[in-house]
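There are 4 protein chains.
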Amino acid sequence: MPGRHFLQIPGPTNVPDRILRAMDRPVPDHRGPELPALVGEILAGLRQIFQTTRGEIVLYPASGTGAWEASLVNTVSPGDRVLAFNIGHFSHLYAECARRLGAAVDEIDLPWNDGVPSQRVHDILARDTGRTYKAVLVVHNETSTGVTSDLKAIRGAMRSADHPALLLVDVVSALGSIDFRFDEWEVDVALTGTQKGLMLPPGMAILCAGPRAIEAAARVTAPRYFFDWRPVLEETRRGYFPYTPATLMLYGLREAVRMLLEEGLAGVFARHRRLAEGVRRAVAASGLTVLCRDPALYSNSLTAVVVPEHADADAVVRAGAQRLNLALGTGLGRLKGKAFRIGHLGALNELEVLATIAGVEMACVMAGIRLPLGAGLAACQRFFMEQYIPAPATT
Amino acid sequence: MPGRHFLQIPGPTNVPDRILRAMDRPVPDHRGPELPALVGEILAGLRQIFQTTRGEIVLYPASGTGAWEASLVNTVSPGDRVLAFNIGHFSHLYAECARRLGAAVDEIDLPWNDGVPSQRVHDILARDTGRTYKAVLVVHNETSTGVTSDLKAIRGAMRSADHPALLLVDVVSALGSIDFRFDEWEVDVALTGTQKGLMLPPGMAILCAGPRAIEAAARVTAPRYFFDWRPVLEETRRGYFPYTPATLMLYGLREAVRMLLEEGLAGVFARHRRLAEGVRRAVAASGLTVLCRDPALYSNSLTAVVVPEHADADAVVRAGAQRLNLALGTGLGRLKGKAFRIGHLGALNELEVLATIAGVEMACVMAGIRLPLGAGLAACQRFFMEQYIPAPATT
Amino acid sequence: MPGRHFLQIPGPTNVPDRILRAMDRPVPDHRGPELPALVGEILAGLRQIFQTTRGEIVLYPASGTGAWEASLVNTVSPGDRVLAFNIGHFSHLYAECARRLGAAVDEIDLPWNDGVPSQRVHDILARDTGRTYKAVLVVHNETSTGVTSDLKAIRGAMRSADHPALLLVDVVSALGSIDFRFDEWEVDVALTGTQKGLMLPPGMAILCAGPRAIEAAARVTAPRYFFDWRPVLEETRRGYFPYTPATLMLYGLREAVRMLLEEGLAGVFARHRRLAEGVRRAVAASGLTVLCRDPALYSNSLTAVVVPEHADADAVVRAGAQRLNLALGTGLGRLKGKAFRIGHLGALNELEVLATIAGVEMACVMAGIRLPLGAGLAACQRFFMEQYIPAPATT
Amino acid sequence: MPGRHFLQIPGPTNVPDRILRAMDRPVPDHRGPELPALVGEILAGLRQIFQTTRGEIVLYPASGTGAWEASLVNTVSPGDRVLAFNIGHFSHLYAECARRLGAAVDEIDLPWNDGVPSQRVHDILARDTGRTYKAVLVVHNETSTGVTSDLKAIRGAMRSADHPALLLVDVVSALGSIDFRFDEWEVDVALTGTQKGLMLPPGMAILCAGPRAIEAAARVTAPRYFFDWRPVLEETRRGYFPYTPATLMLYGLREAVRMLLEEGLAGVFARHRRLAEGVRRAVAASGLTVLCRDPALYSNSLTAVVVPEHADADAVVRAGAQRLNLALGTGLGRLKGKAFRIGHLGALNELEVLATIAGVEMACVMAGIRLPLGAGLAACQRFFMEQYIPAPATT
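The listed protein sequences correspond, in order, to chains C, X, U and W. In terms of this note's numbering, the first sequence opens at residue 1 and continues consecutively. In terms of this note's numbering, the second sequence opens at residue 1001 and continues consecutively. In terms of this note's numbering, the third sequence opens at residue 2001 and continues consecutively. In terms of this note's numbering, the fourth sequence opens at residue 3001 and continues consecutively.
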């Protein structure tokens, strides 16, 4: 298909040319003199992006799935109790990962259109008088549903229950898009991949580990080698790695960090908020429904859209892919066929969002969903225009 | 500005990644063994794109301006009479180029919203009983106005006047976008740059020279060196050049030729027609005016849009550039401030056109032009949807 | 430093432009329609390169270290006995990986200038009448010493001892450079990274798993999630992955596979043999010593060079890096300071080898090692010239 | 052929990755807001590289051949007398270009192994009492012979003859490699292409025009359009161009300028001097002959090597291209078959030079020339080592 592909799944996101070009270069000697400055800049920048001074950055050549495993094998021993909340496909899989690695997981089943309820967190932990839970697993922004849980409230609940469990947070589709505060919210481990708000291709897992998690790693008995973060922390301090790092990804990561800090975190978050609100206005004006039931928890990195009762959300995604050069996300797990997902995170601007909405409208009609072409677009344009003070009008 | 830039001027056009990557490679020895196969494939492919078997391809590292000069110094001697038609900025400049190179140019002044009138061509040439005109200059698709002159009728007029003047045609914003038939229309020289329908960066001038033009080159007395096509024709026959060619551009050109032939010329023209009609529907639905007065001559590679009386077209272009990451073309020459231009040629698809229209609507409003946001978009979407047979509708 | 960097460590190797460009492209939807053809071509090509029809290919975004873990968690349960041979840094670390993952490892300590002795393998396994060893770990080409063990003989020893242990082989610096025959040598798991003979950047782990290993995976009790190959095998069969794959690496891998098959495996091996012999001739003519004591086991992908008694091999490497734009490998583990390593694998030709030798000679002199400049070069040139029949001589 | 190509012709030269990547990016609107800063940095940087404050930079999308034409049509009217010196293929062609454009050229025939004799310049001009010569054409570094004429002396000769002719200098294979001082030597026009010391691909012509040349342009009567520098000078002052510039080349040019200024002109010249001397030592040690007869005029950007009487220099070049992935320059014009040329300019370092010499030695032997393999290499290595103070020796 001629022209540009619109990759509007909720990650991987569109990789800016600047980042692609930074990675298109000779591979350096990963034990050579060039590494420490490169690694040092990345670690310092990522700390700013995680909003932490006390967390340590850990990098692996791996996927987000690998990041889950890394967060667990370093903090949870086989047999340890872990508390998890099933509010979507990925929060369920994170729990499943813990289970497969030998943890005793209590996975609280919840509706897939809402966040992790902090009251419930408080109640469960308060009842755990033996302090048997070693960790609480939370997905900050659930990529399957477009719901951003209130981490501050969750941490508050843990504090008010006076529970020492570690707080492990998946920030895969949040970091670099949605405000996430590692230090302020006393997160113990945050984990992500490179292919979302960090605007890189997939291929690298990134963790931020706080002091309590690092202490825990000295004690836990989980068998581990590749994901053991102790040698990584030790070597990255000197600017190297105990494994062969994905060196070209490091050059891309440095460029991504630079781009985010040039725009400024506040600017990045505001842009995501603005683009996301444009999408939501369009969804509403088209007569479709945003899956997330609580406006306070709307995700600014993706929107899951529920299709009418007898429609097939997969047909919308198919129409986009086959006819419009547009990639949308399908509904996952129990949302299959019922919802599709629009990714609006990473390197993105207003015209790209409008192209996406135009395509979504057309793909819906192609999939047999009746909606007024252009209505969503007009609503989104009007929202985007609100901030501009137009010049005096001319007919 | 984050996200993709929308380069929707009427050229240079968006260069596909595939072409950019083909050019991002080591420079070869331009006298080495690799060249002949590369050059051979390019020349054969360009012949197909010019729709010729009798024309010879001539390549220069130069701009379209250089292509004008090349078309003239090889066919027109200082003092020769030349007939030209001022129907826009570029047809005027082409005439001016001839004048500066010493030709006696009769430049017929005509309205800037219409094509070259074939009847007029006939009348002038029929009156030239001494056959003093050596060449007729025509811009096939006038990039400043969005008007595509009827070359077939023009050549018909020359034939019916039985005039031997050479027909030199600027196909800069037509080739690879709009049907152009070198052989069928008995064109003597066609000239273009690489940065429009050929989807390359600017930097190369391409000519197609027919047998009568090549004969003329042996006789003309214009002083010439760089643009003398005789040594070029001789060396390219063996796959080399008498100058150092822009070798990386050659790799890009080969890729561009492949892409056009893979899509098929008929497909390429149909896509341009379709995208152009979408734009025109949007312009009309927005209450704006297409400059070209004759629908039969609407350009399929760009649309010049006239703004309301007291509005400033330059302000629209400025709003796009400064606020929307959108590049539109300004009005040129006598159209300055009165019209802006939307480029819709080269590597482009429906969603990119819709993003462009969305941006044009918003930029107009920012520039103080009152129009209903979304109206143009809806009209364009409806047109694009006409070809699809939707699945049975679901509410 | 101006000019090209000579990356002559034993991996990562120089990534050809063709592969870098294949990776410099938009990220696709990893659940989209483009993946199956891409993945299918890669798997089929890798099978050819592993010389197998019965093995299954497993891909992970990870390093070679991750590949070790993957080979073990799918075939060895905690507490299982494993036989390993310490003949160099990496064979020791592979054993250590198994130990850390809970295996009971018998690691036979051997000299670091020789291969795994097949007779010893036979003797140990023959004595294990209870068939308690579940796996034998072998590094085909030990990257720290430049010794290629005789896998055929090792498998023969296992067969003659009639022992059912699985044969797990690290082919990290062998695959795509040195003849390795998965089927013929009845290997159960072979593992590698992308950054050596496959000519890609680091970032992906590749395994080839035979039927007995796949059976074992159904039984083993090792806790595993990311490296569990069962879901990978299931999904790659359909052209997808259970995790977000390093999609751009996949495009590079397809290109690498194409390049290797275009040259032909026999041609690739012959080229490596030829370049390696050139290096060894140079080392000898310089008065230095190849570490590997048995010429039958000389590695064709790297050469470890022993420096004279009081010299410092690290100083040679430093001189290359700081003054000559040349990266050489240091001596690892017990070879630190005593040997340096020249990588001569991957995308490489004669002039690059000669440049490397020139640099090695100069770096040695800079490091205070007395040797005749140019002697190694001349020996290498003479060897490279042997195959050419020169034209009749002219003075 | 696997591995890197060694492009060691005297230009185009190897384009550094950094420059290639700077050019691998979306094409900008050449009338957009991004241009002025880009153009401004380039012009300022080029002025530093031409060592001028009074010269104006003129850029064209063209080849070096086009630069010749541009230097002439702006300064010489048809019929004007021009003085030229045939000391090699390119100085002859420059004269021929002037002739073709209508000048009355006195081309002094001289040996092709020496520079332009300043005494001769003085004598001819002193005799021209009518001051009929309008321009003197000199090629600073003759790319076909490897001779660098003494421009300072030539300008001195013109001054001592008190002749007002303009001094037009071809610095194609000198600029950015060999010390060239536009202001100090009172050059009137200097011209070059991008593909030599500027390390870019071919495709752009660069002129530096001094005040007297710019004055002349207002008076000369040569018909000109594309190469008329008046509109170029006017528009580039504002950061734009009167033609569509080769925009991606501009990004590359900015990067090249940055690289040269980062290294420092003095450093760049010293590196070229050093690498060139290494090559000459090798040529001598191999028993071959440098064409240039006067060591004071040895070119630091290329060396033309004379082969023994009955040998065929073209066979050397062919052997390099077909068997060694090495591109050397052939002998041009009257040197065809008698000499080959080694380019050693642009982005280059010692190991690349040594690889080139290794290849030259082998190619010579393959072409039937008897020489001791390795002798040239050793001589070159020894020269490169002279500057290093080795550590205390170890046997």
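Even for Gly, the Cβ is constructed at its ideal location relative to N, Cα and C.
Where the alpha helix (DSSP H) through residue i begins and ends
i	result
E262 (chain C)	247–263
V2039 (chain U)	2035–2050
D1123 (chain X)	1118–1127
E1386 (chain X)	Counting along the chain, E1386 (chain X) falls outside any alpha helix (DSSP H), and DSSP gives it neither H nor E.
Start-to-end residues for the beta strand (DSSP E) that takes in residue i
i	result
Y2060 (chain U)	2056–2060
V15 (chain C)	Segment: none, V15 (chain C) is in no beta strand (DSSP E) and carries neither H nor E.
A367 (chain C)	Where A367 (chain C) is concerned, there is no enclosing beta strand (DSSP E), given that its DSSP letter is neither H nor E.
Y3133 (chain W)	3133–3139
G104 (chain C)	It should be pointed out that residue 104 (chain C) corresponds to Ala in this sequence rather than to Gly. Per DSSP, A104 (chain C) belongs to the beta strand (DSSP E) from 104–109.
Assumed close pair residue i, residue j - CB separation to whole angstroms, cut-off 8 Å
i	j	result
I1357 (chain X)	L1302 (chain X)	Actually they do not touch by this definition, with Cβ atoms about 14 Å apart.
F2006 (chain U)	L3328 (chain W)	Contact flag wrong, Cβ pair sits at about 21 Å.
K1067 (chain X)	A1205 (chain X)	Inspection of the sequence shows that residue 1067 (chain X) is occupied by Ala rather than by Lys. About 4 Å separates the two Cβ atoms, so the contact holds.
F3182 (chain W)	A3190 (chain W)	6 Å
A396 (chain C)	D109 (chain C)	This structure does not reach residue 396 (chain C), given that chain C is present from 1 up to 395, and the question cannot be answered.
T1194 (chain X)	G1203 (chain X)	7 Å
A3282 (chain W)	A3379 (chain W)	5 Å
E3235 (chain W)	F3241 (chain W)	5 Å
D2353 (chain U)	V2290 (chain U)	It should be pointed out that residue 2353 (chain U) corresponds to Val in this sequence rather than to Asp. Actually they do not touch by this definition, with Cβ atoms about 15 Å apart.
L2168 (chain U)	S2071 (chain U)	5 Å
Exercise for review: Please list the segments of the alpha helix (DSSP H) lying wholly inside the stretch 3290–3345 of chain W, counting only runs of 4 or more residues, in order along the chain.
Suggested key: 3313–3323
Review point. Looking at C-beta atoms only, is the number of pairs between the stretch 1135–1149 of chain X and the stretch 1076–1090 of chain X that lie closer than 8 Å three or more?
Key: Segments in contact, yes.
Exercise for review: List in chain order: all unbroken beta strand (DSSP E) runs of 3+ residues lying wholly within the stretch 149–234 of chain C.
Suggested key: 166–170, 189–193, 205–209
**Study point:** At least 3 beta-carbon pairs within less than 8 Å: the stretch 3356–3366 of chain W vs the stretch 3249–3263 of chain W
**Key:** no
Practice item. Could you name each continuous beta strand (DSSP E) segment of 3 residues or more that falls completely within the stretch 67–96 of chain C, going from the start of the chain to the end? Key: Within the stretch 67–96 of chain C, the complete beta strand (DSSP E) segments of 3 residues or longer fall at 81–86, listed in chain order.
Point to revise | Touching by the beta-carbon criterion (3+ pairs, under 8 Å), the stretch 1145–1164 of chain X and the stretch 1294–1312 of chain X | key: The count of Cβ pairs closer than 8 Å, one atom from the stretch 1145–1164 of chain X and one from the stretch 1294–1312 of chain X, reaches three, so the stretches are in contact.
Check your understanding: Any residues in the stretch 1352–1370 of chain X with a beta carbon nearer than 7 Å to a beta carbon of chain C? Which ones, in chain order?
Key -> E1352, L1354, A1355, A1358, G1359, E1361, M1362, V1365, M1366, A1367, G1368, I1369, R1370
Review point. Listed in chain order, which residues of the stretch 2257–2270 of chain U have Cβ atoms closer than 7 Å to some Cβ of chain W?
Key: E2263
Review point. Contact between the stretch 18–30 of chain C and the stretch 2006–2026 of chain U: three or more CB pairs below 8 Å?
Key: With a cut-off of 8 Å, the stretch 2006–2026 of chain U and the stretch 18–30 of chain C count as touching, because enough Cβ pairs lie within range.
**Study point:** Meets three-Cβ-pair contact criterion under 8 Å: the stretch 1039–1053 of chain X and the stretch 3226–3237 of chain W
**Key:** no
Check your understanding: What residues from the stretch 13–39 of chain C come within 9 Å of chain W, judged by C-beta to C-beta, listed N to C?
Key -> Answer set for the stretch 13–39 of chain C: D17, R18, L20, R21, A22, D24, R25, P26.
Review point. Listed in chain order, which residues of the stretch 203–226 of chain C have Cβ atoms closer than 9 Å to some Cβ of chain U?
Key: G203, M204, A205, A222, P223, R224, Y225, F226
Point to revise | the stretch 1066–1097 of chain X: positions lying closer than 7 Å to chain W by Cβ | key: G1066, E1069, P1078, C1097
Review point. Hey, is the stretch 1241–1256 of chain X in contact with the stretch 1128–1140 of chain X, meaning 3+ C-beta pairs nearer than 8 Å?
Key: no
Exercise for review: Check each residue of the stretch 2322–2353 of chain U: if its Cβ is closer than 8 Å to any Cβ of chain W, include it; give the result in chain order.
Suggested key: R2323, L2324, N2325, L2326, A2347, L2348, N2349, E2350, L2351, E2352
Check your understanding: Do the stretch 2111–2124 of chain U and the stretch 2149–2160 of chain U touch if we need at least three Cβ pairs shorter than 8 Å?
Key -> These segments touch.
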